[in-house]
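**Student:** Protein chains in written order, with the numbering used here: chain A, 1 to 88; chain B, 89 to 176.
We treat Cβ as the ideally placed atom computed from N, Cα and C, and that holds for glycine.
Only a predicted model underlies this, so the values are computations on that prediction, with no experimental measurement involved.
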C-alpha cells in the first residue's frame, strides 16, 4: 500500500446561485478591489492508503459521490498525489 | 490588461482545531471508508484583469490578507492562470 493525498474540489454547478460568493465579491469591491467574478468552492484533502494512484482516485471519487458533494447542485474533481510519510 | 483567474486556497493553520473536518472524516468512516486524515479548505476563484501575472497574484494576495483569510488562524496560497475570454 502507498500513502496518497487525494484532493477533492466541490463546486456549485454552473447556474446554481451562490449568495456567499456574491457577498464576498461585493465586500471586496467595497474595499476598492476590481474583479470580474468570484466563485467559491470547498476543498477536501484526504490522506489515504491505496495499492495505486488509480484506486486512490476511485476511492476519493466515491467519497465525493456519497458524502462530500450533492450531485444535484455540485460538480467535483479529484486529483491524487503521493504523500511523503514520516519515517520512524 | 490581460484576463486572469487567481485561485486562493485558505486553510486552517496547523494545530488549529477543525471540527467540521473531523465530523466529515467520521461520517466517511461510518460509511466504511478508511482514511488517515481529512483537512478542509476554502477555495476562491477570482476573475480579474491585470497588466501581468505578478500583479494579478499580488492583488489576489491582498484580497486574502484583507478579507478572505484571517491571519490569526489561516494560511493561504495564491496561484494565477491566464483566463480565456469569450470573443465578441
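Can you tell me which residues form a DSSP beta bridge with residue 162 of chain B?
**Tutor:** In the second chain, the residue the question calls residue 162 of chain B occupies position 74. Residue 162 of chain B pairs with B/100.
**Student:** Can you tell me whether residue 81 of chain A is buried or exposed, with buried defined as 16 or more other CB within 10 angstroms of its CB?
**Tutor:** In the first chain, counting from the first residue as 1, residue 81 of chain A sits at position 81. With fewer than 16 Cβ atoms within 10 Å of its Cβ, residue 81 of chain A is classed as exposed.
**Student:** Check the Cβ-Cβ distances between residue 84 of chain A and every residue of chain B, and say whether any is below 8 Å.
**Tutor:** The residue you call residue 84 of chain A lines up with position 84 of the first chain. It does not: the Cβ of residue 84 of chain A has no partner Cβ on chain B nearer than 8 Å.
**Student:** With contact counted as at least three CB pairs below 8 Å, one residue from each stretch, are the segment 45–59 of chain A and the segment 120–140 of chain B in contact?
**Tutor:** Yes: at least three Cβ pairs fall under 8 Å.
**Student:** Determine the closest residue to residue 158 of chain B out of B/98, B/107, B/171 and B/92, with distance taken between C-alpha atoms.
**Tutor:** In the second chain, residue 158 of chain B corresponds to position 70, counting from 1. If we check each option's Cα against that of residue 158 of chain B, B/98 comes out closest.
**Student:** Using three-state DSSP, classify residue 24 of chain A as helix, strand or coil.
**Tutor:** Locating residue 24 of chain A in the first chain gives position 24, where the first residue counts as 1. In the structure shown, residue 24 of chain A sits in a helix (DSSP, three-state: H, G or I).
**Student:** Please name the residue in A/63, A/53 and A/8 whose C-alpha comes closest to that of residue 115 of chain B.
**Tutor:** Position 27 of the second chain, counted from the start, is the residue given in the question as residue 115 of chain B. Residue A/63 is the option with its Cα nearest to residue 115 of chain B.
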